[in-house]
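Remarks on the structure that follows.
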Amino acid sequence: MTELLTRGQGGVAVGVGRTALLVAAARAVETHRPDALARDPLAEHFVRAAAAADRADPADWPVRPGQVPGGDADPLWGRLGRYFGLRTRALDDHLLRSARELGVRQVVLLGAGLDTRAYRLDWPAGCVVHELDTEPVLAFKQQVLDGTGARPAAERRTVAADLRGDWAAALAATGFDPALPTAWLAEGLLLYLPAEAERRLVARLDGLSAPGSTLAYEVKEVDAESPAIRSSPVYAAARERLGIDLVALFATGSRPDSAAELAARGWTVTVRSPYEFTALRGRGPLPEPDDALAANRWVFAERPGAVGPAA
Ligand SMILES: C[S@@+](CC[C@H](N)C(=O)[O-])C[C@H]1O[C@@H](n2cnc3c(N)ncnc32)[C@H](O)[C@@H]1O
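So the sequence shown is numbered by the numbering used here: it starts at 2 and just counts up by one.
Rendered as structure tokens:
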């Protein structure tokens, strides 16, 4: 297991792979809040397994609200953690709407990390969930999931691929069918991809999307290198307390306008602020001074031509 944490500098203990563990810990904490926005009972298993394999780290990461120093006021596990809880819920709702109301049965999680939606969402019959991430992240995830004895609620297929390159052939090899509508999700991924890789990815998934497909993803509307982002309390806390320099991991330079690109390709696109979902749910992070999260946007797109729910 220890080797799986860092394999090839790509496991969940190092680099961008470690951000998947950060989100899992946040989901574990969220799961046990009395007013949880989303519940993921498997999330804590990833954190515990990583801690057991590498005692020094992340042994002191919380998996319960009572273990968060400062509670909701803590910039890291309180505020950023709750942000991840809200994002999880908004994207759960989006995927379930794609499946139940639009009739999509093929789901692709790009940069799936330790996302357990294949297990925890109430999918209609016949759904297939493809999970793409790096091989070491998927191997760690599989080992932990196998240890829990959990069974997926949809057919689950994993695809080891570098999403900066050409991943379509590997996806096709697991039975992905471009003739069927697809619900694509890139949760917490595009921030880490170079601009050119994001453009390629968007063009690729556009080419693989039958009418009725949907896509949701997260972006930041400002340059991640701006001083306001770098010095913001949430990212400073992640850097100083966890050694995860999210800002350094974010891709630099000006970002592509993928929402405009998708609209030009015929998709219907809606760009939302996370704070709209805080208002909708009556809980979640609120704007504050030096707010790194204010620049985050959640984008929801649909390719017209929905097939409707399967009979
Ligand atoms: C912040 S985590 C988000 C994970 C998951 N979507 C979630 O929200 O729980 C980012 C994930 O993207 C993956 N990732 C980043 N760059 C990648 C790349 N070039 N190819 C494949 N996966 C990548 C990382 O390994 C990591 O699991």
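A virtual CB, placed ideally from N, CA and C, is assigned to each residue, including glycine.
Item                                                                                                                                                                      : Value
Compute the beta-carbon to beta-carbon distance between Leu172 and Val109, rounded to the nearest angstrom, for a pair I have assumed lies under 8 Å.                     : 7 Å
Between the C-alpha atoms of Phe85 and Ala27, what's the straight-line distance to the nearest angstrom?                                                                  : 7 Å
With C-beta atoms as the reference, is Ala154 less than 7 Å away from Trp124?                                                                                             : yes
Using the three-state DSSP reduction, which class does Leu216 fall into: helix, strand or coil?                                                                           : strand
From Leu23, Leu87, Leu111, Gly254, pick the residue whose C-alpha is nearest to that of Asp36; which is it?                                                               : Leu87
Based on Cα-Cα distance, which residue from Ala211, Leu263, Arg231 lies nearest to Leu294?                                                                                : Arg231
Is any heavy atom of ligand 1 found at a distance shorter than 6 Å from the C-beta of Arg165?                                                                             : yes
Check for me: the alpha helix (DSSP H) holding Asp207 runs from which residue to which?                                                                                   : 196-208
Mind the definition here: the segment 208-220 touches the segment 30-46 only if three or more C-beta pairs lie below 8 Å; say whether that holds.                         : no
Got a sec: does ligand 1 put a non-hydrogen atom nearer than 6 Å to the Cβ of Ala27?                                                                                      : no
Going by the C-beta, is Tyr317 closer than 6 Å to any heavy atom of ligand 1?                                                                                             : This structure does not reach residue 317, given that the chain is present from 2 up to 312, and the question cannot be answered.
Below 7 Å between beta carbons: does that hold for Ala52 and Ala60?                                                                                                       : yes
What's the gap between the Cα of Ala57 and the Cα of Thr271?                                                                                                              : Reliability fails at Ala57, whose pLDDT of 46 lies under 50, so the model's placement of it is uncertain and no value is given.
Specify whether the segment 144-159 and the segment 117-134 touch according to this definition: at least 3 beta carbon pairs, one from each stretch, less than 8 Å apart. : yes
What does the alpha-carbon distance come out to for the pair Pro212 and Gln107?                                                                                           : 13 Å
Quick one: give me the first and last residue of the beta strand (DSSP E) that Ala261 is part of.                                                                         : Segment 259-265 is the alpha helix (DSSP H) holding Ala261; no beta strand (DSSP E) there.
Out of curiosity, what's the CA-to-CA distance linking Leu81 and Ala225?                                                                                                  : 16 Å
Opposite Phe301 in the DSSP bridges: which residues?                                                                                                                      : Ala217, Thr271
Grab me the residues of His46's own chain with a C-beta within less than 6 Å of its C-beta, minus the 5 sequence neighbours each way, in chain order.                     : Val145, Thr149
Checking 7 Å against the spacing of the C-beta atoms, do Pro137 and Gly12 come in under that value?                                                                       : yes
Residue ranges of each alpha helix (DSSP H) run of no fewer than 4 residues wholly in the segment 219-245, ordered along the chain?                                       : 228-231, 234-238
Going by DSSP, what residues sit across from Asp93 in a beta bridge?                                                                                                      : Asp93 pairs with nothing; no bridge assigned.
What does the alpha-carbon distance come out to for the pair Arg19 and Ile245?                                                                                            : 8 Å
Using only the alpha-carbon positions, how far apart do Ala261 and Glu199 sit?                                                                                            : 13 Å
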